[in-house]
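Asker:
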Amino acid sequence: MRRNFIKALLIVFCISFFHLFWVYPAPSQETGLMAGGFQWGGSVELGYRFTDIDGSKDRYKETVNLRDGLKLFDFSLWGKRADENTKSLVDSLRFSVSNIGDPYASARLEVKKNSTYDLNIAYRQYKYFTEREEHSFYFTDNTNFNTTIRRGSILLSVFPKDNIKLNFGYNHAERDGDAGVPRFQFFFPMDQDLKEQFNEYFVSADFPIANWDMHVKQSLWTFSNKNKVSAAYIDPFYEALDTNMTTLVTTIKGHTPLSERADFDAAFIYAHSGGKADLTTIPVNTVLPGTGNVVMNTFVIEAGISYLLRKDLIFHADYRFHTLDQNGRANTDPFVFAPADSTSDYNLMANTGTFQLEYIPYDNLTLRAGYRLQFQDINGDNYVDNIYNGGRHPNNTTIWTHGWVGSADWKPYKFLSLFGEYEGARFSNPYTWISPESQNIARVKIKYDTPIQNLSLKGTFHWKHRVNPDQDYRASVQDYIFTAIYQATSKLSLDASFTYENVKDSKNIFNAVPFTFEDTVFDSSAYIYSGGVTFENIYGGLGGRMHGSYAKSLGENPQNYVDGVISLWYKNKCVTPILTFERTYLTDKVIRPDGFSANLLTFSLRKDF
Numbered sequence: 021m022r023r024n025f026i027k028a029l030l031i032v033f034c035i036s037f038f039h040l041f042w043v044y045p046a047p048s049q050e051t052g053l054m055a056g057g058f059q060w061g062g063s064v065e066l067g068y069r070f071t072d073i074d075g076s077k078d079r080y081k082e083t084v085n086l087r088d089g090l091k092l093f094d095f096s097l098w099g100k101r102a103d104e105n106t107k108s109l110v111d112s113l114r115f116s117v118s119n120i121g122d123p124y125a126s127a128r129l130e131v132k133k134n135s136t137y138d139l140n141i142a143y144r145q146y147k148y149f150t151e152r153e154e155h156s157f158y159f160t161d162n163t164n165f166n167t168t169i170r171r172g173s174i175l176l177s178v179f180p181k182d183n184i185k186l187n188f189g190y191n192h193a194e195r196d197g198d199a200g201v202p203r204f205q206f207f208f209p210m211d212q213d214l215k216e217q218f219n220e221y222f223v224s225a226d227f228p229i230a231n232w233d234m235h236v237k238q239s240l241w242t243f244s245n246k247n248k249v250s251a252a253y254i255d256p257f258y259e260a261l262d263t264n265m266t267t268l269v270t271t272i273k274g275h276t277p278l279s280e281r282a283d284f285d286a287a288f289i290y291a292h293s294g295g296k297a298d299l300t301t302i303p304v305n306t307v308l309p310g311t312g313n314v315v316m317n318t319f320v321i322e323a324g325i326s327y328l329l330r331k332d333l334i335f336h337a338d339y340r341f342h343t344l345d346q347n348g349r350a351n352t353d354p355f356v357f358a359p360a361d362s363t364s365d366y367n368l369m370a371n372t373g374t375f376q377l378e379y380i381p382y383d384n385l386t387l388r389a390g391y392r393l394q395f396q397d398i399n400g401d402n403y404v405d406n407i408y409n410g411g412r413h414p415n416n417t418t419i420w421t422h423g424w425v426g427s428a429d430w431k432p433y434k435f436l437s438l439f440g441e442y443e444g445a446r447f448s449n450p451y452t453w454i455s456p457e458s459q460n461i462a463r464v465k466i467k468y469d470t471p472i473q474n475l476s477l478k479g480t481f482h483w484k485h486r487v488n489p490d491q492d493y494r495a496s497v498q499d500y501i502f503t504a505i506y507q508a509t510s511k512l513s514l515d516a517s518f519t520y521e522n523v524k525d526s527k528n529i530f531n532a533v534p535f536t537f538e539d540t541v542f543d544s545s546a547y548i549y550s551g552g553v554t555f556e557n558i559y560g561g562l563g564g565r566m567h568g569s570y571a572k573s574l575g576e577n578p579q580n581y582v583d584g585v586i587s588l589w590y591k592n593k594c595v596t597p598i599l600t601f602e603r604t605y606l607t608d609k610v611i612r613p614d615g616f617s618a619n620l621l622t623f624s625l626r627k628d629f
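According to our numbering, the sequence shown holds residues 21 to 629 in order.
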């Protein structure tokens with residue numbers, strides 16, 4: 021720490037001379053370098069971070085994960101054609117990268133030709149780490165991992181006509197790294213090598229035909245999982261998984277006016293999935309090896325009509341049919357107790373109808389209220405279900421739900437707006453759940469621009485309740501968020517926020533003693549306070565920001581987290597020097613050694629051109 025402290029003193033000493041630099045406004049897109057018929061501009065910020073960490077470095081990596089070293093915080097380059105050259109292949113472009121050297125690096129490229137095409141290429145990387153201290157020596161409920169997730173996308177939009185749009189796209193996601201996973205009969209986490217990959221290729225089109233506005237899309241999804249579990253202290257022992265899944269998705273959507281009073285919407289989605297999984301295990305009597313095949317077909321049909329009853333009243337009727345058929349076959353090693361060959365069938369069918377009235381008595385008030393009905397029929401043959409889950413077996417399950425839905429959007433004054441919505445009766449959403457999981461949702465948002473000039477207040481309440489009858493699992497989450505933003509002057513702004521969160525999960529888990537199901541509850545709440553002050557040009561080109569946050573969790577996960585940041589910069593003709601100091605610490609009330617405290621000092625130089 022002594023060496024880093026001396027370096028920090030030298031940096032602060034250098035900063036003390038920044039007031040000698042000339043003040044120079046950052047160039048805008050109206051100025052910049054002219055070359056090749058383009059107007060060019062951009063910015064670059066390069067710096068170095070020093071860190072000093074006391075306590076659990078593993079918990080620091082899980083929570084903050086900002087390491088020392090050289091960083092490219094920002095680089096951007098933009099170009100805009102200066103003339104009206106219709107023969108040019110490019111009218112504008114923008115390239116940017118950020119946080120190179122940190123866990124969350126990203127890059128983006130945009131190239132455009134007006135009324136001809138848009139090309140967007142994006143990349144983002146996430147690094148996640150966790151390795152907790154344990155309560156006891158023998159048993160643990162934690163899984164450790166040190167993984168990297170990479171996401172990339174390419175989207176080319178072509179406009180052959182003003183009302184026709186063609187999209188050609190590719191999305192990629194992958195996860196690799198190491199993990200520690202629990203296994204039955206072993207006290208220590210087993211080492212897992214992660215290797216998972218997802219790809220999506222798609223073509224879509226938006227176009228009119230007759231009186232219809234159409235959208236069609238064809239997608240191909242591929243997924244592979246080649247994770248491997250091994251144990252160096254047990255030789256031989258491993259699990260080698262080789263899973264591949266391919267899915268074709270066809271989407272057709274259309275909208276048409278039936279008359280001056282009625283509009284009609286319809287959609288059809290079909291997805292066909294097929295895949296194979298091979299599992300190799302040693303020894304066989306721990307986890308059974310074998311091969312499995314699965315074929316799955318999903319159909320979704322939607323139709324909706326909106327009818328204008330009178331000027332301020334609209335009737336909406338929507339229907340959705342969703343079905344999922346899954347057929348599988350498993351061939352396992354006949355050793356010990358498993359059948360050599362078995363088949364399974366699973367079918368889920370849901371019918372959902374919603375009827376609503378939309379009332380617009382004033383231009384600033386919209387009210388919606390209605391009723392939703394849903395019937396689900398789940399059937400399974402030879403469906404493998406864990407008897408210890410505690411829920412209903414899906415061999416023959418029917419679920420009938422119905423309840424009120426509604427929303428309100430009101431802006432009584434220019435400075436005040438309110439929005440709220442509610443979905444009751446635990447409806448299932450086929451786009452997000454395959455198993456018959458259902459949820460209630462309530463949201464309220466309030467924005468108040470006070471009579472005090474430049475002071476804005478916002479409040480948000482969000483409540484969600486989920487239930488899975490097959491797993492006998494229930495989860496309830498409540499969030500209350502309040503924020504305040506005050507622009508005192510053009511050079512000074514203040515912001516503050518308060519968040520309260522409550523999470524309550526419960527599940528019936530089988531207990532061998534006394535050989536019955538018991539309701540296990542996880543109940544936790546958190547209070548989060550944050551605030552900051554930003555000032556610009558308080559002395560020449562001197563500016564800065566101070567920001568702090570405090571989080572306290574109670575219940576099943578009691579801990580405190582504090583973070584404070586002070587940043588100073590001085591805009592001048594040459595470069596803008598930026599000095600940032602951050603102090604952060606975490607206190608774990610259950611496992612004391614899992615806490616940490618850290619000091620971070622970052623010095624960077626920024627140049628706008």
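The beta-carbon is built from N, C-alpha and C at its ideal position, and this holds for glycine as well.
For T418, which of helix, strand or coil comes out of DSSP?
Answerer: Taking the sequence shown and counting its residues from 1, one reaches residue 418 at position 398. Strand.
Asker: Round the Cβ separation of R565 and I598 to the nearest angstrom and send it over; I've been treating them as touching at under 8 Å.
Answerer: By one-based count along the sequence shown, residue 565 stands at place 545. By one-based count along the sequence shown, residue 598 stands at place 578. Not really, about 10 Å apart at Cβ, beyond 8 Å.
Asker: Hey, how far is the Cα of A285 from the Cα of G274?
Answerer: One-based indexing of the sequence shown puts residue 285 at position 265. One-based indexing of the sequence shown puts residue 274 at position 254. It should be noted that the sequence gives Asp, not Ala, for residue 285. Across the structure, D285 and G274 are spaced so that their CA atoms are roughly 6 Å apart.
Asker: Give every residue of the same chain whose Cβ lies closer than 6 Å to the Cβ of F375, excluding the five residues on either side of it in the sequence, and list them in chain order.
Answerer: Position 355 of the sequence shown, counted from the start, is the residue given in the question as residue 375. Cβ within range, chain order: A337, G390 and Y391.
Asker: How about D543 and G575: are their beta carbons less than 8 Å apart?
Answerer: Looking up residue 543 in the sequence shown gives position 523. Looking up residue 575 in the sequence shown gives position 555. Yes. Within cutoff.
Asker: Over the uninterrupted alpha helix (DSSP H) stretch that includes Y80, give me the two end residues.
Answerer: For the purposes of this step, residue 80 is taken as the residue at position 60 of the sequence shown. K77 to T83 is the extent of the alpha helix (DSSP H) around Y80.
Asker: Would you kindly work out how many angstroms separate the C-alpha atoms of T300 and T168, rounded to a whole number?
Answerer: Start at 1 with the first residue of the sequence shown, and residue 300 comes out as number 280. Start at 1 with the first residue of the sequence shown, and residue 168 comes out as number 148. Roughly 25 Å separates the two Cα atoms.
Asker: So N164 and P123 are supposed to be a Cβ contact under 8 Å. How far apart are they, rounded?
Answerer: If you number the sequence shown from 1, residue 164 lands on position 144. If you number the sequence shown from 1, residue 123 lands on position 103. Going by Cβ atoms, the distance from N164 to P123 rounds to 17 Å, so no, they are not a contact pair.
Asker: Mark I398 as exposed unless 16 or more other C-beta atoms lie within 10 angstroms of its C-beta, in which case mark it buried.
Answerer: Along the sequence shown, one-based indexing puts residue 398 at 378. Burial call: buried.
Asker: Measuring CA to CA, which of K181, E259 and D213 is closest to F227?
Answerer: The count along the sequence shown starts at 1 and reaches residue 227 at position 207. The shortest C-alpha separation from F227 is found at K181.
Asker: How many angstroms separate the CA atom of L438 from the CA atom of H482?
Answerer: Position 418 of the sequence shown, counting from 1, holds the residue named residue 438. Position 462 of the sequence shown, counting from 1, holds the residue named residue 482. Distance between the alpha carbons of L438 and H482 is about 14 Å.
Asker: Rounded to the nearest angstrom, what separates K27 and Y442 at their Cα positions?
Answerer: Locating residue 27 in the sequence shown gives position 7, where the first residue counts as 1. Locating residue 442 in the sequence shown gives position 422, where the first residue counts as 1. Because K27 sits at a pLDDT of 45, beneath the cut-off of 50, its placement in the model cannot be relied upon, and the point is left open.
Asker: Thinking just about the alpha-carbon of each residue, which of R486, R463 and L436 is nearest to the one in F447?
Answerer: Here residue 447 refers to the residue found at position 427 of the sequence shown. Of the candidates R486, R463 and L436, the one whose C-alpha sits nearest the C-alpha of F447 is R486.
Asker: Tell me whether R612 is buried or exposed, calling it buried when 16 or more other Cβ atoms sit within 10 Å of its Cβ.
Answerer: Locating residue 612 in the sequence shown gives position 592, where the first residue counts as 1. Burial call: exposed.
Asker: Alpha carbons only, please: which of Y468, N231 and K215 is nearest the one belonging to N247?
Answerer: Along the sequence shown, one-based indexing puts residue 247 at 227. From the listed residues Y468, N231 and K215, the smallest Cα separation to N247 is found for K215.
Asker: With a threshold of 16 other CB atoms inside 10 Å of the CB of K511, please say whether the residue is buried or exposed.
Answerer: Translated into positions along the sequence shown, residue 511 becomes position 491. Flag for K511 reads exposed.
Asker: Residues in its own chain within less than 6 Å of K524 by CB, not counting five upstream and five downstream?
Answerer: As a position in the sequence shown, residue 524 is number 504, starting the count at 1. Around K524: S496 and D543.
Asker: Within 10 angstroms of its Cβ, does S48 collect 16 or more other Cβ (buried), or is it exposed?
Answerer: As a first step, residue 48 must be located in the sequence shown, where it is residue number 28. Because the pLDDT of S48 is 48, which lies under 50, any placement of that residue in the model is unreliable, and the question is left without a value.
Asker: Have a look at R114 and V64 and give me their C-alpha separation to the nearest angstrom.
Answerer: As a working mapping, residue 114 is identified with position 94 in the sequence shown. As a working mapping, residue 64 is identified with position 44 in the sequence shown. Computed Cα separation, rounded: 14 Å.
Asker: Going by DSSP, what residues sit across from Y148 in a beta bridge?
Answerer: In the sequence shown, residue 148 corresponds to position 128, counting from 1. Paired residues: T167.
Asker: Give every residue of the same chain whose Cβ lies closer than 7 Å to the Cβ of G121, excluding the five residues on either side of it in the sequence, and list them in chain order.
Answerer: By 1-based counting over the sequence shown, the position of residue 121 is 101. Same-chain partners within the cutoff: G89, L90, K91 and L92.
Asker: Taking DSSP as the reference, what is the three-state secondary structure of D614?
Answerer: Working through the sequence shown from its first residue, we reach residue 614 at position 594. D614: helix per DSSP, three-state reduction.
Asker: Apart from the five residues just before and just after S108, which ones in its own chain have a Cβ nearer than 8 Å to its Cβ?
Answerer: For the purposes of this step, residue 108 is taken as the residue at position 88 of the sequence shown. G57, R101 and K133.
Asker: If you draw a straight line from the C-alpha of Y605 to the C-alpha of K572, how long is it?
Answerer: Within the sequence shown, the letter at position 585 stands for residue 605. Within the sequence shown, the letter at position 552 stands for residue 572. Cα-Cα distance, rounded: 12 Å.
Asker: What is the rounded straight-line gap between the Cα of T470 and the Cα of Y433?
Answerer: The residue labelled residue 470 in the question sits at position 450 within the sequence shown. The residue labelled residue 433 in the question sits at position 413 within the sequence shown. T470 and Y433: Cα-Cα distance of roughly 11 Å.
Asker: Output the boundary residues of the beta strand (DSSP E) element that contains D196.
Answerer: As a working note, residue 196 is residue 176 in the sequence shown. D196 -> beta strand (DSSP E) spans I184 to V201.
Asker: Report the residue from T311, L387, W420 and M369 whose alpha carbon sits nearest the alpha carbon of L393.
Answerer: Residue 393 sits at position 373 when you count from the first residue of the sequence shown. The shortest C-alpha separation from L393 is found at W420.
Asker: Thinking C-beta only, is Y143 closer than 8 Å to S177?
Answerer: Counting from one through the sequence shown, the residue named residue 177 turns up at place 157. Counting from one through the sequence shown, the residue named residue 143 turns up at place 123. Not in contact: S177 and Y143 (Cβ atoms no closer than 8 Å).
Asker: Any idea if L632 is buried or exposed, counting beta-carbon neighbours within 10 angstroms, 16 or more meaning buried?
Answerer: It is not possible to answer for residue 632, since the shown part of the chain is limited to 21 through 629.
Asker: Work out the CA separation of L97 and Q59 for me, nearest whole Å.
Answerer: As a position in the sequence shown, residue 59 is number 39, starting the count at 1. As a position in the sequence shown, residue 97 is number 77, starting the count at 1. Approximately 11 Å, taken between the alpha carbons.
Asker: Short check: CB of I73 to CB of A618, under 8 Å?
Answerer: Taking the first residue of the sequence shown as 1, we reach residue 73 at position 53. Taking the first residue of the sequence shown as 1, we reach residue 618 at position 598. In contact: I73 and A618 (Cβ atoms closer than 8 Å).
Asker: Since G121 sits in a beta bridge, which residues does DSSP pair it with?
Answerer: In the sequence shown, counting from the first residue as 1, residue 121 sits at position 101. G121 pairs with nothing; no bridge assigned.
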